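Engineer: Below: one structure in structure tokens.
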Amino acid sequence: MIAAIGAVSSNGMIGLDGWLPWDIPEELAYFEEMVAGAALVIGRLTYESMDVVPVDSFIVTSQPELVFKPGCQTETSVEKALLTATGTGKNVFVIGGAALYAAAWPYCQRFYLTRIERAFAGDCCFPESIPLDRWKIVGEERKTYLERKTGLATVCRFVQYEQENPLRLPG
Ligand SMILES: NC(=O)c1ccc[n+]([C@@H]2O[C@H](COP(=O)([O-])OP(=O)(O)OC[C@H]3O[C@@H](n4cnc5c(N)ncnc54)[C@H](OP(=O)(O)O)[C@@H]3O)[C@@H](O)[C@H]2O)c1
Numbered sequence: 085m086i087a088a089i090g091a092v093s094s095n096g097m098i099g100l101d102g103w104l105p106w107d108i109p110e111e112l113a114y115f116e117e118m119v120a121g122a123a124l125v126i127g128r129l130t131y132e133s134m135d136v137v138p139v140d141s142f143i144v145t146s147q148p149e150l151v152f153k154p155g156c157q158t159e160t161s162v163e164k165a166l167l168t169a170t171g172t173g174k175n176v177f178v179i180g181g182a183a184l185y186a187a188a189w190p191y192c193q194r195f196y197l198t199r200i201e202r203a204f205a206g207d208c209c210f211p212e213s214i215p216l217d218r219w220k221i222v223g224e225e226r227k228t229y230l231e232r233k234t235g236l237a238t239v240c241r242f243v244q245y246e247q248e249n250p251l252r253l254p255g
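Residue numbers for the sequence shown follow my numbering, so the first one is 85 and each next one is one higher.
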């Protein structure tokens, strides 16, 4: 199965200065647990923010001549990266950022989206082109955690969206 996973604030932000706008360790732990053992499809800018890149990570870039961490595989299109990732036989997660979500969502059966019920300053928005309002909600869990930058209790809604007929990958 191809899925996407990410988190968005109430004002539509997903990134700030190449990282997340918020600091909620439990939300990060949820992400890590969900993608453990999966093949990951990652935008080049998001890749650059990662200290450790697990095996079977496929970085999408138009500049494959750049030097990437040992073991990383690069692909020059989202479709090629998704095809190679599915070839591993593992579940595939598109882990962002915004450019990757915008290009990959038609192929995703699920979107695991954490809705962080607070506004944060940011410089990268969740793409408005993704029609999640037309996807079915197949799971939702609400938790409250301490957000460490503001020191405020913050509600996180872990929503699972399902798209009925994802686009088939070319080839
Ligand atoms: N809240 C969350 O869940 C979450 C998750 C992930 C990331 N983020 C945040 O999102 C921000 C980064 O997102 P972003 O949209 O700026 O960057 P991104 O999607 O991580 O990476 C964009 C880069 O990926 C490559 N790329 C994207 N689409 C491509 C395509 N169709 N064909 C070929 N290459 C393609 C290009 O690399 P080249 O320039 O090398 O060609 C492009 O510059 C960061 O702040 C990060 O922390 C948030």
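Don't be surprised by glycine CBs; every beta carbon is placed ideally from N, CA and C.
Predicted, not measured: the structure shown is a model, and the values here were computed from it.
1. With a threshold of 7 Å, establish whether the CB of ARG128 neighbours any heavy atom of ligand 1.
2. Can you tell me whether THR145 is helix, strand or coil according to DSSP?
3. How would you label TRP189, buried or exposed, when you count the other beta carbons within 10 angstroms and need 16 or more for buried?
4. So, for ALA187: in the same chain, excluding its five sequence neighbours on each side, which residues have a beta-carbon less than 7 Å away from its beta-carbon?
5. On the DSSP letters alone, give me the boundaries of the alpha helix (DSSP H) that MET285 sits inside.
6. Please list, in chain order, all residues of the same chain as THR145 whose beta carbon is under 6 Å from its beta carbon, the five residues on each side excluded.
7. If you reduce the DSSP assignment to three classes, tell me which class GLU248 lands in.
8. So, for GLY102: in the same chain, excluding its five sequence neighbours on each side, which residues have a beta-carbon less than 8 Å away from its beta-carbon?
9. Is it true that the CB of PHE242 sits closer than 8 Å to the CB of ASN95?
10. Quick one: is the Cβ of ILE86 within less than 7 Å of any heavy atom of ligand 1?
Structural biologist: Quick look at the numbers:
1. Residue numbering aside, residue 128 sits at position 44 when the sequence shown is read from its first letter. It does: the Cβ of ARG128 is within 7 Å (strictly closer) of some heavy atom of ligand 1.
2. Sequence index remark: in the sequence shown, residue 145 carries index 61 (1-based). The DSSP-derived three-state label of THR145 is coil.
3. Looking up residue 189 in the sequence shown gives position 105. Its Cβ being crowded by 16 or more others within 10 Å, TRP189 is buried.
4. Counting from one through the sequence shown, the residue named residue 187 turns up at place 103. These residues qualify, in order along the chain: VAL162.
5. Absent from the structure is residue 285, since the part of the chain shown begins at 85 and ends at 255.
6. Translated into positions along the sequence shown, residue 145 becomes position 61. Closer than 6 Å at the Cβ level, and outside the excluded window around THR145, lie ARG128 and THR158.
7. Position 164 of the sequence shown, counted from the first residue, corresponds to residue 248. In the structure shown, GLU248 sits in coil (DSSP, three-state: anything other than H, G, I, E or B).
8. Taking the sequence shown and counting its residues from 1, one reaches residue 102 at position 18. These residues qualify, in order along the chain: LEU129, GLU132 and SER133.
9. In the sequence shown, counting from the first residue as 1, residue 95 sits at position 11. In the sequence shown, counting from the first residue as 1, residue 242 sits at position 158. For the 8 Å CB-CB criterion, ASN95 and PHE242 do not form a contact.
10. Taking the first residue of the sequence shown as position 1, residue 86 is located at position 2. Checking the 7 Å criterion, the Cβ of ILE86 is out of range of every heavy atom belonging to ligand 1.
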